[in-house]
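Here the protein sequences line up with chains A and B, keeping their order.
According to this note's numbering, the stretch in the first sequence is residues 61 to 152, in order.
According to this note's numbering, the stretch in the second sequence is residues 11 to 237, in order.
Glycine is no exception: its CB is placed at the ideal position from the N, C-alpha and C atoms.
Below is one structure, written out as structure tokens, with a few remarks after it.
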Amino acid sequence: MDNIGVVGAISILASGLTIGIGSIGPALGEGRALAQALSSIAQQPDEANTITRTLFVGLAMVESTAIYCFVVSMILIFANPFWNYVVSKAGG
Amino acid sequence: MHITPDSIILFQLGPVSLNATILFTWCIMALMTVVSWLVTRKLSSTTRLSRWQNFIEVLVISIRDEIREIGGQDPGRYLPLVGTLFLFIALSNLLSIIPGYKAPTGSLSTTAGLAVCVFVAVPLYGIAQNGLSYFKQYTKPSILMLPFNIIGEVSRTIALAMRLFGNIMSGTIIAAILLSIAPLIFPIIMQALGLLIGLIQAYIFAILAMVYIAAGSRVRQNKVDQY
Chain A
61 MDNIGVVGAI SILASGLTIG IGSIGPALGE GRALAQALSS IAQQPDEANT ITRTLFVGLA
121 MVESTAIYCF VVSMILIFAN PFWNYVVSKA GG
Chain B
11 MHITPDSIIL FQLGPVSLNA TILFTWCIMA LMTVVSWLVT RKLSSTTRLS RWQNFIEVLV
71 ISIRDEIREI GGQDPGRYLP LVGTLFLFIA LSNLLSIIPG YKAPTGSLST TAGLAVCVFV
131 AVPLYGIAQN GLSYFKQYTK PSILMLPFNI IGEVSRTIAL AMRLFGNIMS GTIIAAILLS
191 IAPLIFPIIM QALGLLIGLI QAYIFAILAM VYIAAGSRVR QNKVDQY
């Protein structure tokens with residue numbers, strides 16, 4: 061396979077694997093956090109507002125890792141510098 | 011397809027170019043300034059308020075309450091920075107519902123700029139509060155932790171920028187992809203989710219900025235010492 065083929069194939073494979081594997085951890089973590097939040101709301105219904113607020117902030121922090129993986133995946137598909145380089149070499 | 015509005019160049023004058031990010035940022039700034047000026051021209055302190063004044067009062071009071079919960083007794087010091095962060099990011103995310111509009115927070119330049127504002131504000135508030143002994147806290151619990159504390163500060167700034175950029179950019183990309191695959195119902199659902207996420211991310215950005223500032227000025231500790 062020539063350079064363009066290799067770069068293209070590996071970029072696609074890497075971007076798929078990145079988002080696939082990268083979203084497992086945060087999803088599990090968010091599920092655990094949500095379960096804890098639900099049980100603490102059940103224990104203390106008066107504090108539901110504070111608990112919900114803290115839950116959302118915590119979920120956003122945990123989600124960050126999944127977002128990093130998504131950004132890398134998008135970059136590999138849409139703004140891939142290696143692909144642009146081999147394409148420019150092949151064209152020019 | 012453009013993943014960030016930075017690549018949409020509207021105007022080129024030699025080396026200087028006007029891209030969509032700058033244009034929409036200035037539009038939002040103009041919108042916020044004009045609306046605030048129009049509303050605050052005739053403020054009334056009786057119980058007969060105009061609707062807009064009521065709305066803005068609700069906004070300001072809620073932001074002040076949130077800041078007071080995190081930072082301490084005097085929310086007025088932090089309100090300009092944290093309130094502006096929240097309102098700018100929220101408005102720029104909510105206006106995505108207008109066709110043709112590209113959220114400037116979907117560009118890494120904007121979010122990095124906002125994160126750098128927070129990065130600079132934390133020492134500023136800390137020094138204003140505690141003087142130059144602010145820098146002692148980098149050596150807690152021991153001087154060996156100095157590089158790790160600094161790395162921690164830098165990495166949480168980067169995380170702030172990436173979190174906001176990733177969330178907003180992914181919202182626009184998912185809507186664009188779905189428009190080309192299943193254009194009837196799903197893009198609407200994803201657009202609604204994008205609006206909700208935009209609001210939540212604005213709230214989180216502002217709250218995290220406040221938490222970092224409060225941690226840097228050790229305001230919490232002063233509050234605890236009161237009791």
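C-beta neighbour in chain B for residue i, strict 9 angstroms
| i | result |
| --- | --- |
| glutamate 90(A) | no |
| glutamate 123(A) | yes |
| methionine 61(A) | no |
Simplified DSSP assignment, three categories, for residue i
| i | result |
| --- | --- |
| isoleucine 199(B) | helix |
| tyrosine 144(B) | helix |
| aspartate 62(A) | coil |
| isoleucine 52(B) | Reading off the sequence, residue 52(B) comes out as lysine, not isoleucine. In this structure, lysine 52(B) counts as coil in the three-state DSSP scheme. |
| proline 133(B) | helix |
| serine 60(B) | coil |
| isoleucine 238(B) | Limits of chain B in this structure are 11 at one end and 237 at the other, which puts residue 238(B) out of reach. |
| leucine 218(B) | helix |
| threonine 14(B) | coil |
| asparagine 140(A) | coil |
| glycine 82(B) | coil |
| lysine 150(B) | coil |
| proline 114(B) | helix |
| alanine 185(B) | helix |
| glutamine 104(A) | coil |
| arginine 228(B) | coil |
| leucine 194(B) | coil |
| tyrosine 213(B) | helix |
| glycine 88(B) | One point to set straight first is that residue 88(B) is tyrosine, not glycine, in the sequence displayed. The answer is coil: DSSP assigns tyrosine 88(B) none of H, G, I, E or B. |
Residue burial classification, residue i (beta-carbon count within 10 angstroms, cutoff 16)
| i | result |
| --- | --- |
| alanine 113(B) | buried |
| glutamate 107(A) | exposed |
| isoleucine 161(B) | exposed |
| threonine 63(A) | Per the sequence shown, residue 63(A) should be read as asparagine rather than threonine. Per the 10 Å Cβ criterion, exposed. |
| leucine 136(A) | buried |
| asparagine 29(B) | buried |
| threonine 149(B) | exposed |
| arginine 173(B) | buried |
| valine 144(A) | Checking the displayed sequence, the identity of residue 144(A) turns out to be asparagine instead of valine. Under this definition asparagine 144(A) is an exposed residue. |
| threonine 43(B) | exposed |
| isoleucine 191(B) | exposed |
| proline 86(A) | buried |
Residue(s) in a DSSP beta bridge with residue i
| i | result |
| --- | --- |
| phenylalanine 21(B) | Leu28(B) |
Within-9 angstroms CB hit, residue i to chain A
| i | result |
| --- | --- |
| arginine 230(B) | At arginine 230(B), the pLDDT of 43 sits below 50, so the modelled position is not reliable; the number obtained from the coordinates is stated separately. By this cut-off, arginine 230(B) is not an interface position. |
| alanine 138(B) | no |
| methionine 42(B) | no |
| methionine 220(B) | no |
| tyrosine 213(B) | yes |
| asparagine 177(B) | yes |
| alanine 169(B) | yes |
| arginine 173(B) | yes |
| serine 27(B) | no |
| isoleucine 19(B) | no |
| methionine 39(B) | no |
| methionine 155(B) | no |
| isoleucine 195(B) | no |
| serine 72(B) | no |
| isoleucine 183(B) | yes |
| serine 117(B) | no |
| methionine 11(B) | yes |
| serine 190(B) | no |
| isoleucine 32(B) | no |
| isoleucine 210(B) | yes |
| serine 227(B) | no |
| isoleucine 99(B) | no |
| serine 180(B) | yes |
| isoleucine 217(B) | yes |
Cβ-heavy atom distance, residue i to the ligand FMN, below 8 angstroms
| i | result |
| --- | --- |
| serine 148(A) | The ligand FMN is absent from the structure shown, which contains no ligands of any kind. |
Members of the stretch 109-141 of chain A near chain D, C-beta cut-off 7 angstroms: Absent from the structure is chain D; the protein chains it does hold are A and B.
Uninterrupted alpha helix (DSSP H) stretches inside the stretch 73-100 of chain A (no shorter than 4 residues): none
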